[in-house]
Each structure stands twice: as structure tokens, then as C-alpha cells.
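Worksheet: one structure, shown below.
There are 2 protein chains.
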Amino acid sequence: MLKLLDVPTAQRTILRRTPLSAMDYPGVVLERTEKLFGKGVTPPQAVAIILASVQAEGDAALRRWSKLIDQVDLDAKTPSEGFCVPPAELEKAYQSLPEDLCQALQAAAGRIRKFHEFQPLPNWETETLGGRLGQRAIPVDRAGVYVPGGTAPLPSSLLMSVIPAQVAGVRQVVVCTPPNPHPVILAVAHLCGVDQVFQLGGAQAIAAMTFGTETVPRVDKIVGAGNLFVTLAKQQVYGLVGLDGLAGPTETMVIADRHARPDWVAADLLAQAEHDVLACAILLTPDRELAEKVQVEVGRQMEALSRAEIITQSLSNRSGIVLTPDLEIAAHLASEFAPEHLCLAVADPESLASRVHNAGGLFLGERSFEVLGDYIAGPSHVMPTGGTARFASPLNVMDFVKITSIVALDALTSSELSPLAARIARAEGLTAHAAAAEFRIIR
Amino acid sequence: MLKLLDVPTAQRTILRRTPLSAMDYPGVVLERTEKLFGKGVTPPQAVAIILASVQAEGDAALRRWSKLIDQVDLDAKTPSEGFCVPPAELEKAYQSLPEDLCQALQAAAGRIRKFHEFQPLPNWETETLGGRLGQRAIPVDRAGVYVPGGTAPLPSSLLMSVIPAQVAGVRQVVVCTPPNPHPVILAVAHLCGVDQVFQLGGAQAIAAMTFGTETVPRVDKIVGAGNLFVTLAKQQVYGLVGLDGLAGPTETMVIADRHARPDWVAADLLAQAEHDVLACAILLTPDRELAEKVQVEVGRQMEALSRAEIITQSLSNRSGIVLTPDLEIAAHLASEFAPEHLCLAVADPESLASRVHNAGGLFLGERSFEVLGDYIAGPSHVMPTGGTARFASPLNVMDFVKITSIVALDALTSSELSPLAARIARAEGLTAHAAAAEFRIIR
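As they're listed, the protein sequences go chains Y and D.
Using the numbering used here, the first residue of the first sequence is number 18, and each one after it goes up by one.
Using the numbering used here, the first residue of the second sequence is number 18, and each one after it goes up by one.
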């Protein structure tokens, strides 16, 4: 079921990166887009239409798109609150949580909060450069978190996005999630103290948070993954609002040696594969015996799993086992691939970790498996996909602050630097710059 | 010359933000685009054509666009190196720098380097959460800096972009700048130890650094401002490569009280206004007497300046003096505007600074004027424009690193957390996640 590949074959297939922008739109999406927006309208064009209308018409456009796309008449349902779920409903959902699930979610929230509270921020100042110079990290005023809807609600994503914002000191955190949200989403919003939940999905939610409407506040930063329309909308509002990046299908790489337990490795790959049919689960190992045992285990364990159909597809799409000459080459291939998650199920994970330059999350040893990272270990599970770990980071406290550089020079330093600044200004042909500097020379 | 406005009028005019995306393309740009790319081709479409061709054809496309757009035949000029300026030319340009300019640039480079070396990075680890958890900041492998060409070369922008990358530990920093670069750009590239300078401009430069070609390496992060085509190209490659943001016209706000010197304030506004006709120079003051003196000084000083024509236009476009009821309201308006630079020429700048939530750079006191920040104070002068200081930061060392989250739990903690993770997984309908966690429970 899980194919076994040599390195060159893997590099031509499962290790090859396809940029998000080069992916074809699924036929069903194209059909639905044409049906709703008219003949020949592409998904990016549909998204541009939605964005422009929400910017121009506000809530009226939101109601129209929610009716057309999500088949909900938000006006009729909740005349007083509009799109905002009443706080009492959040609390009610929270009170209805099963006791043991509530405890688990609270434990997760507690660890996520503690982890992010450790993150140092670049608040610093020096007096060694003549006066005071430094940087201040100031939280953004408002953050918006998108939480996808669909059949499998992901309350964990809400915790993983909201808590880093709260730790950063963001004044107001709002959540958008498609209409008729699952009660567990509402419950978790209450649990972690979200200010407002709006039942808005897709591109219209991104538009509302970017531009603001009569009822939805404009935010300074939007985070969270969503469907194709959400991703296209984020791409189009780039530059107008802060973003956490564009999310593609989730990915795991496991590097294992002969010390790894094949049943655990198989379980970790299966967990990854159950997300969706494009999920990517790759094992790199120099040990053929382990590889073959993992193949057997994957087949055996899959029988008991509820999402076996999805798993079957994702394992055959972008997943597989790569036999590498040694662990160093495995680490090199992983670094090139820049996976969202990299799990090191080897005897000496720390020394292997030092060879990895690109990965969203590094899980050291088979006791630190990815599922713990998904829910409760501490770091946000919102991590860079599609190879963007080359330059992007997991969601973290820095995502919710911006730096202001501070310049408070003393008079003497200012005077000494002024002729130097004037000289460079004249080389750039900027005489007004030079004049402003020459004014400050103490003679 | 510099108009005097009350707050409501200012809010309707110069304090009003127009998003980059809503700005009309200048007629001359539309004409030139149609002439080069064909009837009805818009600038974004032209940029999409350039990006796709460079991705598909590499150097051949770069040569074609350089010939068509920049009227240079790079093949014929430098057959051996292609687009790369030979290192010997960089050194020659450096040797030809006037001695006093060279000293000024070296002093600037030294202060910029020292400033950025102070910035703390989020490398941390804790053992308080059961095992070891933390974050590692890893430099990106390769960074690309775009330096615009044009009539006024800006060697300072090269220093301000390259040095933070070097401090971050980036392995290779390359520069792209339009063909036939000014010798001072080449000299400064040598001065700060840039690895390679490519004479490539516009969208084709961004394409080359994003996708890589036979001669230009693919980079992980692109920084630097450019013309409209550069900005559109950055917008279109968002998600494929790390970016520092989209740059609009430069902006300064000065808040001044009756203690400020009108001649200095005027000089600072004029320095800002000489950048280009869209530059924005705004004074906020509660003191009418100061406001009127600044008006007089602006008129008087302008006569001596070489770029008086540009200044006249930029002062009448997006600049002005706003009379505010008090300093607190001035600080509030500045925070709302989120300027690139904010200069506090007041008796107690520090207490006013604490009221500002959004600004790229804060200059405290009239000895810390913006021109010093442009060249030599220390912080990078690449700062967020267009109101993006709401969520974006000046270029800094964090721009050139990414975080990897580290999870190395001990066996006991892993076992204790596993049933909690399994419970949340089951609530999300993810049974393979639950199974992977249940495997790790020590019974």
C-alpha cells in the first residue's frame, strides 16, 4: 500500500515540490464556481468579485454571499446579532462539553499558553551607540482567526491560533468560521476567551476582516487556513492586512533508523494520511527491514481506522517510503523538502536535528510524535507547508507584534554623524537631506 | 506652499489612506506597457507574462526582457559572465570612491551592523514542560536584495538591506539592480561584502530570484523596494518565496510643540518631500505660531534646493500641516495613520512615544531627525509604508531567519499527554490520530 522508492525515483515523484500556484483547480470547484458566478469565471476572478463587493457594500454583500455560497439566510436566523454568534451561545456550548474532553482541552490550552509565554520578544535598548537606540515589539491591535468548517471541526486549530495572539497582548481577537459552526468550535472559543465569533466562511470572511463592515471589525492580521477560496482571498489581500502565509496540504516526514518501532512509525504516518487526500506522509530510512515492517504495519492498522478511504488515497498520492543510503542523506533530503513536520525516530535525534535547516516543527525521538504536537505539546500546530519552511515559521508570538525602531541620539552623536550623513546624501543627489543634516552640526 | 489644515479636513484628505491596490496606474506606464506587451495588456498581466517566461525559459527570457524593457543586450556586453557583474568591477568601483564618501559609508555600515547585532533572536529552550521544548532561529540559506536604478542611485538602501541579512547569518546574499548600475552601487556592494551583483531590473529580476535560472540562484527571501513592476511581481510571487512586504511612497510625520525650531522642522519636511512627487510630509502641531513659521521656512529654504520641482509637487499632493487641539490628539492621529517615520520634536518625546502604537521608526527629539535614520543612525531605513506599520516591521534580523519549533518530551510526559491528545482527536473524528497517541501510553 505504501510504496517503497529509491532516492532518484523519490526525487522525481513524492519529493518534488509543486508550487501552490501551479496546482490545477479540481473540476468540481471549477463547475461550482461557474454555476455561482457565471460562465468562464475562474476561482481567482470569483474571489476578486467577492472582495470588491464586501469592500463596497459591507454587511449587505456578506449576507448575499452567505446565502448564495453557504445557503444560509443570516438575516432571518439571527436578526439582532447579524453574523455574530451571541456570547450566551458560546457559553452554552462550553457548558455542554463532556467533562473529560473539557479537561483535555483545558490542559492543551494551558500548555500552549505556557510554551508561547517563554518566547522572547525583541524589546531592547542600547546606550553604546550615542544616546538610546533599540527596538520595541508592540502587539497588533486586532487579530482575526479563520477556523474552517466542514465535516471534521478542528477546535485544536482555534486554540493554536488564538493563544499566541493573546500571549502577544493583542487587544481584540475575533474568529470567523462558516455558518452553523459545530458546538465544539463555539465551546473552545469560550474556553480560550475569544472576543467575538462571526459565522462567516470563505473569501467573504477574509474580505470582512480585511476591510471591516458595519458589524465585523477590520483587523490588522489574519491567520488560519481554509479552503481554496480562503487561500485565494488571502493571496489577493496581501499588502492590505498582515497574513500568516498561504497554507497548502499538511505534510509529515519521519526519519527512522533500525531502533524505531515499526508499529509506532506506521501509526504516525497513518495519522498524517487521514487529514485529507492530498496529505503527505513520507518515511526516510536507510533500513530496508524497518521499511518493510512499516509497510506491513500500515496495512494491518488501517483496517481499524474510520477514515481508511481517505488514507488509501493520500498514501497513494504524495506519500511513500524512501530508502536512503544513510541518515545524513535522509536529513539532507528532508532539509531540501522543508517539511511542515519532521519527526526523528532515531537513536540520536539531537545530532541529526543539527543537520536540518528547514522544517516547521522538529520532533525529537519517537516519544515526541506529531500527534502530541497537533494537540497539546505546546508549540502552535499552524506550521509552514509546501516547502515554505525555507523562509516561514510556525505561528508564534512574533506573528502578532510588529517592531518599531527607536532612535534617541544624544546631541553630540547627532552632531558627529550629521556631516557623514550629509556626505552620503550628496552622493545620492539629495540636497534637502544634506541640508537637514548640516543644520544639526554643532559648530 | 505647505497647506495648513484643521483635523476634520486633514482626515478627509492627507490623513486618508488609499490602499496600493486602489491606486490608478499612471498613463505613461499604461502606454508603455501596451507598447511593449500589446493592446489591452495591463501592468499585472504584463508581469504575469514575464514571471511565467522566466520560470519556463530561464536566462533566455531574462535576456529577452532586458533587451525589450531596458534596451540592453547583456549577451553582447558581457558574454562570459551573463548578468553577473565581475567581482573585479565591484572592487574597481570601490577603489574609485572619493576618500571622504568611503569613510562615511564605512561608518554607516559599521553602525548598522552594530545596531542589528543587538537584536535578540528567539533561541530558547525550557525543561519545565516535561523534557525539552523550545524554538530555534535558523537563517535562511539565500537572500536576494533588489536595489532600484534610476537617476538617483541609493547606495544606502543596499547597506540597509544587506547588513541585517549578514548579521542573521544568511549564507549567500545576492543583489539585483537594473543594467548599467551606477558605480557607487557596485562600490557599496564590495564594501559590505555582497556575494554576487546581477544587472537585472524590474519583474524579471524578481522572477529570476524566485525561480532561479542557469546563472541566477533561487533565493529564499527577496527584500527591497522597486518600481511598479517590481511591486506587482512581488505581489504575484507571494507564497513562493519569502518577502519583506510591498513598498509604497515614503512618508514622514513630525509632531512638534512650541519648543521645536521651525527651521529644523521645515528642513526635515523638505528632506522627505524631495524623494518623489508622491512622498508624504506631514506636520502635526497644536501650536499655530510654529505652524506659520514652518510655512515661511519651507518657502525660504526651498529656493536653495536642487530638487525644488519635485518638492513643490509632493508638498501640494500628500503633505501639509495639521493643527491639532493638543499633543495627545496628534499622537492618536499618527497612530491611526501608522506612518513609516514618526519624529517627535517635542519637549518630552518619551512620554509621547508611549502613546504611539503604529510607526515604522520613532525618532525622539529633534536631534534624532529622520535623515540620520536614512543613512547612519543604525536601524534599517527599509520601513513599512502605506499604513502597513499596523502589522509590519522595519527590515530586521528576524526577516532573514525562520523559527523551527522543537519538541523533545520525556517518556513520562509523553505518556501522560497521550490520552488527552487522543480524547481531542476523537472529538475531531480523527481516529488514526487517537490510535497513534494511544500507542504511547505506558501502562
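Every residue gets a Cβ at the ideal spot worked out from N, C-alpha and C, and that includes glycine.
Just so it is clear, the structure is predicted and the values come from calculations on it, not from any experiment.
- With a threshold of 16 other beta carbon atoms within 10 Å, D41/Y falls short and is exposed.
- A distance below 7 angstroms separates the beta carbons of P196/D and Q216/D.
- For P156/D, the three-state secondary structure derived from DSSP is strand.
- Here the C-alpha atom of A370/D lies approximately 22 angstroms from the C-alpha atom of P137/Y.
- R384/D sits in coil when the DSSP states are folded into three classes, being neither helix nor strand.
- With a beta-carbon spacing of about 17 angstroms, E291/Y and T402/Y fall beyond the 8 angstroms limit used to define contacts.
- Neighbourhood of N413/D in chain Y, by CB distance below 9 angstroms: P139, Q152, I420 and S422, in chain order.
- The Cβ atoms of M270/Y and P411/Y lie no closer than 7 angstroms to each other.
- Pairing G241/Y with V162/Y gives a Cβ-Cβ distance under 7 angstroms.
- With a threshold of 7 angstroms between beta carbons, Y163/Y makes no contact with chain D.
- One finds L434, L437 and A438 in chain D with Cβ atoms closer than 7 angstroms to the Cβ of I393/Y, taken in chain order.
- Within the model, the alpha-carbon separation for N140/D versus L307/D is close to 48 angstroms.
- With a threshold of 7 angstroms between beta carbons, K238/D makes contact with chain Y.
- The beta carbon of Q62/Y does not come within 7 angstroms of any beta carbon belonging to chain D, so the residue lies off that interface.
- Only those residues of the region 120-140 of chain D whose C-beta falls short of 9 angstroms from the nearest C-beta of chain Y are listed: Q120, A121, L122, A124, A125, R128, K131, F132, F135, Q136, P137, L138, P139 and N140.
- In the three-state reduction of the DSSP assignment, K419/Y falls in the strand class.
- In the DSSP assignment, M270/D is bridged to I299/D and L359/D.
- Spanning the alpha carbons of A126/Y and L437/Y requires a straight line of approximately 53 angstroms.
- By alpha-carbon distance to G186/Y, the top candidate from V414/Y, D261/Y and F380/Y is V414/Y.
- If you draw a straight line from the Cα of I202/D to the Cα of K238/D, it is about 21 angstroms long.
- Beta-bridge partners of R149/D (DSSP): A425/D.
- With a beta-carbon spacing of about 24 angstroms, E326/Y and P279/Y fall beyond the 8 angstroms limit used to define contacts.
- Non-local beta-carbon contacts of P200/D in its own chain, meaning distances under 6 angstroms to residues more than five positions away in sequence, involve A110 in chain order.
- Residue range L21 to D23 is occupied by the beta strand (DSSP E) that includes D23/D.
- Any Cβ of chain Y closer than 7 angstroms to the Cβ of G378/D would place that residue at the interface, and such an atom is present.
- Counting along the chain, no beta strand (DSSP E) covers I86/Y; the unbroken alpha helix (DSSP H) around it starts and ends at D76 to D87.
- Taking a C-beta distance under 7 angstroms as the contact criterion, L68/D and R80/D do not qualify as a contact pair.
- Closest option to H207/D, judged by alpha-carbon separation, among A364/D, C119/D and I328/D: C119/D.
- Interface with chain D (7 angstroms Cβ-Cβ cutoff): F456/Y is included.
- By the criterion of at least three beta-carbon pairs nearer than 8 angstroms, the region 385-392 of chain Y is not in contact with the region 242-256 of chain Y.
- Not flagged as an interface residue toward chain Y: G243/D, since no C-beta distance is shorter than 7 angstroms.
- Listed as beta-bridge partners of W141/Y by DSSP are Q152/Y.
- Leaving aside the five residues that flank F132/D on each side, the residues in its chain whose CB is nearer than 7 angstroms to its CB run, in chain order, G395 and P396.
- The secondary-structure analysis by DSSP pairs T194/D across a beta bridge with Q216/D.
- The Cβ neighbour count for R372/Y, taken over all protein chains shown within 10 Å, is under 16; the residue is labelled exposed.
- The DSSP-derived three-state label of I223/Y is helix.
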